[in-house]
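Below is one structure; the comments refer to it alone.
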Amino acid sequence: MRFEVNGEPVDAEPHPGQVLRSLLRELDHFEVKKGCDSGDCGACSVLLDGAPIHSCIYPAHRLEGAAVTTVAGLGTPEHPHPLQESFVAAGGFQCGFCTAGLIVTASTFTEDDRHDLPRLLKGNLCRCTGYRSIEDAIRGVANTEAAPTGDLTGRSVAPPAALRVVTGTEGYTLDLRTTGLLHLAVLGSPHAHARIVYLDTSAAEAMDGVHAVLTYRDSPATLFSTGRHEQRTDDPDDTLVLDPVLRFHGQRVAAVVADSVAIAERALAAIHVGYDLLPAVWDPEEARSPGAPLLHATKGPESRIADPARNTVAEFHRETGDVEAALATADAVVTGTWRTQRVNHAALETHATRGWLDADGRLVLRTSSQVPFLVRDELCHIFGLDTDRVRVFTARVGGGFGGKQELLTEDLVTLAVLRTGRAVQYEFTREDEFRTAPPRHPMRVTVTLGASRDGVLTAMAVDELADTGAYGNHGIGVMYHSIHESTSVYRCPNKRVDAQSVYTNNLPSGAFRGYGLGQVIFAVESAMDELARTLGIDPFELRRRNVIVPGDPMIVADADERTDLLIGSYGLDQCLDLAEAALARGNGVGAPTGDTWAVGTGMGIAMIATVPPRGHFADTSVSLLDDGRFEVNVGTAEFGNGTTTVHAQFVATALNTTVDRVVILQSDTDVARYDTGAFGSAGVVVAGKALLAASGKLRERMLARAASLGYLGGVVEGGGVRAGDILVPAEKLLAAGPLIADGSHDGTPRSVAFNVHAFRVAVDRATGEVRILQSIQAADAGTVLNPEQLRGQIEGGTAQAIGTSLYEELRLDNEGTVTTAAFRNYHVPQFADIPHTEVYFASTHDPFGPHGAKSMSEAPYNPVAPALANAVRDALGIRPFELPMSRDRVWRLGE
Amino acid sequence: MQIPAPFDYARASSVDDALALLERHGPESLIVAGGHSLLPMMKLRLARPEWLIDINDLFELDFIVRDGDRLRVGAMTRHTTLFESDEVRRLFPIITDAERTIADPVVRNRGTIGGSLCQADPAEDLSTVCIVLGAEAVIRGTAGERVVSMAEFHVGPYETSVAHNELLVEVRLPIRPRSGSAYEKVERRVGDWAVAAAGASVSLAEDGTIDHVAIGLTAIGLDGTVTEAEAMLHGKAPSEELFVEAGRLAALACDPLADQRGAIDYKRHLADELTRRVLRRASSRAAEAQEG
Ligand SMILES: Cc1cc2nc3c(=O)[nH]c(=O)nc-3n(C[C@H](O)[C@H](O)[C@H](O)COP(=O)(O)OP(=O)(O)OC[C@H]3O[C@@H](n4cnc5c(N)ncnc54)[C@H](O)[C@@H]3O)c2cc1C
Ligand code: FES
Ligand code: FES
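Those protein sequence lines, which keep their order, are chains G and B. The numbering of the first sequence is full-length UniProt numbering, which starts it at 1 and goes up by one. The numbering of the second sequence is full-length UniProt numbering, which starts it at 1 and goes up by one.
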C-alpha cells in the first residue's frame, strides 16, 4: 500500500487489524501520541488529506493514496509553523503530551473558528493546563520570552524544550525505536479477593512468539510498596511483584512476554487459573470493624502495618486542650460529615517502561516516572541488585500529578528483562490506568467546630476515615499529610484529630496532587463556611479572625510537636484581600436567563508545606563546557511542572548568560548523583536551591581560575570571564583543568505556601448544572520566578480540582470492579468545561526558598472544591456534602 | 486491550460490490463506515469481525436531496454534512440541534448517519431524531430493496433489522407543513454522550392546533415514542399546561438504568424537564413556520 506521510512517499503493509496510529509509530512517527486509543482524547490527531482525524480509530488499510500530515510535517524546530510558534510564545503546554494533537487540530481552524473553540476543541483533552494558555496560543497571544538576558528572576521564560515539544521532536518514554523489542501483557484478577490454587501456563508458553510467562512462582520474595518515598520505611512492605493472593479486582495474576501485544494477549487467554475465593470487604467502615475479612493478617511487624488485625495501615489520635468542654460552652457549634471520591490522575501519557541490558549487561530502564532514583533503589532492593548495575532514566514525562510516584510497570519489566535477556516494554492502556493505577484516596471526614459569638474558634474536631484499598502504598503518608496543614492553618486552643487509613478489597489508592489535603480541606473549609453562616460573619472575615499568623505555632493536635516546618514568609492575609476584592469587583458575566437558575458565591483557603517532611535531597552539579555553555546535572524529572525552565533561569542568572546556553541533563541515575524525586512540590525549592549553590560556586571557581591566569577583578560573562576589556573564553579557562561545582540541598527547613479560591456560580435547579461565572485564585508562592508558568500551574490545578468537584468519579460496582474504565465514562474536563481563572499573586519573600520562592504545584488544587461547594450552598440554600457535585446530586439538593 | 483482534479488509467499490463481499465472507464480515463506533468496539473486543468491508468510497451514498415531500439522506452522509446543511436546518432543526451535541468535530468529520443508526447504541442521538421524524430506512440486499419504519428498523440496544448481508443505504424524512422540531440533551459535560435527551416534532393544523406530534427519548430506556403524551396533545392548541402534562407522561414512560451518569429518579426527572423544553421549542418553531 502506498501513501504519503509529511510529503514523503511510504510503502507499507498494515497488519490485519491495524489502525493508523500504530502504523505511523511503527514508521518512527513518534510525534503521534496515544492518550486513549479509543477516539476520546485527540492526542493521536493527524491530518488526512488536510482534514483532522483521530488516527487511533482510523483503519490503516484505508490509507492507499492518501496524504497524512503529522505535527512534525507542519513545521520543524528550525522552521516552525506559525501555530507552533504561537504555542511557544503563549506557553500553551505543560507536559506537552496533548500538544501535537492540539496543534494538528487547530491548524485547520479559520479566523471565524476562533469564536467557536469550545465546540471545536471538544475532542482534545489536556490534563495539565486548564486550557487558557492553549486558547491564547490559538488566538496568537504571546506570554513568554525565548531567551532574554540579565536577571531572569520574575521573567516568563519559555521552557527550553518548547520548540521540540510543539514540533513533536521531543522524545517521551516510548518515543524511540528498539529492535527486537518484546511486549508484556498482564492477566488481571477476575476476583477481588482470592488465592491462586491452580495455575497452568504450559499452553501459553507453547504458543509461537511467546518468550516467557511469569507468575508468582517467578516473583522475588521481597515485600515492598509501589509508593515511593525518600525513606523506604515510610510505606508498608505489603506487596509482591506477583502474589499468589489477589486482593483486588485486576491485580496481576500472570504476565506474558511475547513478540507483540496481540500475541501476548492471546497467550493470556490460554493460561488456566483456579481460584479459591476469599471473603472480601469493600466498605472501609466495615473493614475496620471486628469480624471483617483481613487482607494482610499474616504480615508481621517488619511490614510496618499499624494493625493488620484491624485492616489498619495507619492511625492517629491526638488531642490538645479539651474539645468536649470547649464545645459545651461554645456560642456556635457546627458539624457535618463530608465524603470524597476516587479520582484518576488521567495523565495523558499512560504508565510505561522499556527495559534492556546494555553492552555491559547492566539493566537499563527508560520509564515514565517522577522518581527514577527511588525506582532504581527499590528495584535493587527487590531483586538484590547493586545500584551501579542499574540505570533508570526518564525522557520527557507526559504528566504525573503523583501517579508516577509509584512503581507500577518497572518491576515486571525488570523481571522480564532479567528472565529473557531481551528488551521488553510494558505499556499501560487507558483501561489499565482506570482499573489498576492507584487513584486519589476516597475519604469520609467529620468536622465539628465550636466558636464564640465574635467568630473566634474555640474547638475543632476532625475525624477521618481513608480507604487505602488493597495495598498501603502512600496510605500512611497521605493520611498524615491530609490532617496536617488543613487543621494547623487555624489557631484554636482545643483540637482533636482522629484519622485511620484502612485496607479494603478495592483497588489501591495512591498519591495525587495535594497528597490527601484536598479531601480534608474540602470538609474543614465547608465547615468554616457553615460556621460563618451560623454566626452571620462574612466568610473572608471569619478566616481572618482564625488563621495562623507569623509567630503562631502550627498545631495539628499536639501542642508540643516540633518540626522543621516554619512560616518562612506569610501572604495569606494578602491572598484573602486579593480574592475578596476580585469577587467584589465581579467580571461582568451574568447568570443564564430563566427562573430555574440561582446564583451564589463561595470561598475556601489552603495552606501547604513547600517540601515533603522527613528529608528530600538533591545533589546537582554545573560545569563549564568548551564552547562557553554550561552543563547542568540534576536528578529531578520534568513532567510539565516547569522545573527545568526555572532551573535554567537560575543557572543563566547566576552565570550571567541566557537560558539557551544552559544544557540540562536530568532525571537519569547515570548523569546526576541523586535526587529524591519530583514530588511534594520539591523541584524548584530543593533541586533549585541546590543548583543555585552549585552555580554560585562555579562562578567563584571561574573567577579564581581567571585570577590564577592573571586576570584579576573579572566578572563571569558570555561563558567566560571578563576582566576589563579582555574576555577570557571558556576554552582558555578550561585549559588548566575542568571547571565544575556541586550543590546539594536537604530540603530543610520547610516553609508554607497559601492559596485562596473564590467562585461565583449559577446553578440550574432543573437539571443540576453548575455554571461557573467567575473563578478567582490568589496565591502566595513567595517570589514569583516565572509568572506565566506559575499562572499555568494555578490554572491547571484549578482545572483538575473543578474536574474533581463536578465531573470525575472512578466508580466500582459492588464487587470491586471499576465500571468507569474509559474517557467515555470518566469525565476529564474539556476546554468548554473550564472557565478562565483570575490569578493573583501575593508579594512575599521566603528566606528558605531559592530567591525567596516557594513551591506552587500541588497547592492550587486544594481550596477549589470547598470554594465551589460553598458557592453551590449559597445558591441553592442547601449544602453539598459529597464530591463530585455531579448534575444528579446537585439536582437532588435543589429539588 | 489496545489493538483490535486481527481482521481482513476489503474496500467496496459500489453498493453491489459491498453486498457481494458480505455474501462471500459470510456472517463474520462487517461493514465499516466511519469506523468511529466499530473500531472502539473492536478494541474492547465487543465486536470481533474477521472481515471488514469498507464502504467509505461509496460516494453515491453521501447525499442530501429533496424529493417532493421528503428529504432523502444517504447512509454515508457525515455528521458534519448534516450539521452544516442549511436545508436540514430549515426543515428539521432537530437534526442541527442534535448534531451540535454529538461527539467532537473530528469524529463528526468521519461518523455517518448510517453508522449511527446501525450501531443502535441506546445513547446514540440520531436514532431518537429519526424516530421522532418518522423516518423510513431503505435497506438493500442482493435480493433487492425494502423500506422499513424506524419501529421496524430498531430491534433493541445494538440491534437492528438490517441483516448481516444487507446495507442501510438511505434514510427518508417526511416533510410536513407548519412543522417545527427540537432536540435537547443533558450531558455530564460538554460533548459527552447523553445522560438523557429528548426530541420532539410538532406539526400544526391550519387552526393552530396540534395535528401531529412525536416525542422521543435518548439513553433512558424507551423504544419508540411517548405515545400517551402524543395522544393527549393531539388536536389541542399548544400550551404550557399541556407540555407539563406531557413531561409527566414522558417520565412515566421511560425506564432508565442507574449508572455513572445518574440515578433513576434523576433521569426520570430529566425526561420530564427535557420533554417540556423540546415541546416548547418545537411548537414555537412550528408557529414560526406557519407564519413564515
Ligand atoms: C469520541 C466519540 C464520541 C461520540 N459521541 C457521540 C454522541 O455524543 N452522540 C452520538 O449519538 N454518537 C456519538 N458518537 C458516535 C458517533 O456518532 C458514531 O461513531 C458514528 O456516528 C457511527 O458512525 P460510523 O460511520 O463511524 O459507524 P461505524 O463505526 O463504521 O459502524 C457502526 C456499526 O454500523 C454498521 N454499519 C455502518 N454503516 C452501515 C450501513 N450503511 N449499513 C449497514 N451497517 C452499517 C457497522 O457494521 C457497525 O456495526 C461518538 C463517537 C466517538 C468516537
Ligand atoms: S489516542 Fe486517539 S483519540 Fe485518544
Ligand atoms: S500539556 Fe496538555 S496534557 Fe499535559
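C-beta atoms are modelled at their ideal positions from N, C-alpha and C, and glycine is treated no differently.
DSSP three-state label for residue i, please.
| i | result |
| --- | --- |
| Phe-248(G) | coil |
| Met-1(G) | coil |
| Thr-233(G) | helix |
| Trp-193(B) | coil |
| Gly-141(B) | strand |
| Thr-69(G) | strand |
| Leu-121(G) | coil |
| Arg-889(G) | helix |
| Tyr-9(B) | strand |
| Phe-393(G) | strand |
| Gly-510(G) | strand |
| Phe-153(B) | helix |
| Leu-407(G) | coil |
| Arg-545(G) | helix |
| Arg-339(G) | strand |
| Phe-316(G) | strand |
| Met-1(B) | With a pLDDT of only 40 at Met-1(B), under the threshold of 50, the placement of this residue in the model should not be trusted; the figure read from the coordinates follows. Looking at Met-1(B) - three-state DSSP - the assignment turns out to be coil, as it is neither helix nor strand. |
Does ligand 3 have a heavy atom nearer than 7 angstroms to the CB of residue i?
| i | result |
| --- | --- |
| Cys-126(G) | yes |
| Phe-93(G) | yes |
| Thr-99(G) | yes |
| Gly-180(G) | no |
With a 10 Å radius around its C-beta and 16 neighbouring C-beta atoms as the bar for buried, classify residue i as buried or exposed.
| i | result |
| --- | --- |
| Ser-14(B) | exposed |
| residue 906(G) | Chain G is shown only over 1 to 895; residue 906(G) falls outside these bounds and no answer can be derived. |
| Val-102(B) | Sequence inspection shows Ile at residue 102(B); the Val mentioned does not correspond to that position. Buried, by the Cβ-count rule. |
| Val-313(G) | buried |
| Ile-555(G) | buried |
| Phe-522(G) | buried |
| Ala-12(B) | buried |
Of the choices the options, whose alpha-carbon is the least far from that of residue i?
| i | options | result |
| --- | --- | --- |
| Leu-152(G) | Gln-777(G), Val-763(G), Ala-652(G), Gly-403(G) | Ala-652(G) |
| Ser-621(G) | Gln-649(G), Ser-569(G), Val-671(G) | Val-671(G) |
| His-25(B) | Leu-52(B), Ser-203(B), Gly-34(B) | Leu-52(B) |
| Ala-328(G) | Ser-623(G), Leu-449(G), Gly-400(G) | Leu-449(G) |
| Ile-567(G) | Val-333(G), Gly-849(G), Ala-72(G) | Gly-849(G) |
| Thr-320(G) | Ala-559(G), His-79(G), Val-489(G) | Ala-559(G) |
| Asp-40(G) | Phe-841(G), Ile-664(G), Ile-53(G) | Ile-53(G) |
| Gly-877(G) | Gly-688(G), Arg-701(G), Val-599(G), Thr-837(G) | Val-599(G) |
| Gly-510(G) | Asp-552(G), Gly-101(G), Ile-476(G), Glu-525(G) | Ile-476(G) |
| Gly-123(G) | Arg-164(G), Val-371(G), Cys-36(G), Asn-311(G) | Cys-36(G) |
| Ala-270(G) | Arg-232(G), Arg-304(G), Ile-305(G), Asp-208(G) | Asp-208(G) |
| Thr-169(G) | Glu-265(G), Val-32(G), Ala-194(G) | Val-32(G) |
| Gly-144(B) | Arg-280(B), Leu-19(B), Thr-81(B) | Leu-19(B) |
Return yes when the C-beta of residue i is under 7 angstroms from any heavy atom of ligand 2, and no when it is not.
| i | result |
| --- | --- |
| Cys-492(G) | no |
| Cys-36(G) | yes |
| Arg-824(G) | no |
| Gly-168(G) | no |
| residue 896(G) | Outside the displayed span of chain G (1 to 895) sits residue 896(G), for which this structure offers no information. |
Quick check: is any heavy atom of ligand 1 less than 7 angstroms from the C-beta of residue i?
| i | result |
| --- | --- |
| Gln-119(B) | yes |
| Arg-110(B) | yes |
| Asp-668(G) | no |
| Pro-40(B) | yes |
Problem - Short-range partners of chain G found in the region 84–97 of chain B, where Cβ spacing is below 8 angstroms - result: none
Problem - Contact residues within the region 8–20 of chain G, judged by C-beta distance below 9 angstroms to chain B - result: Pro-14, His-15, Pro-16, Gly-17, Gln-18, Val-19
Handout entry: Residues of the region 85–112 of chain G with Cβ closer than 7 angstroms to any Cβ of chain B, in chain order
Key = Thr-105
Exercise for the section: Could you please tell me which residues of the region 825–838 of chain G, in chain order, have their CB closer than 7 angstroms to any CB of chain B? Expected result: Asn-825, His-827, Pro-829, Gln-830, Ala-832, Asp-833
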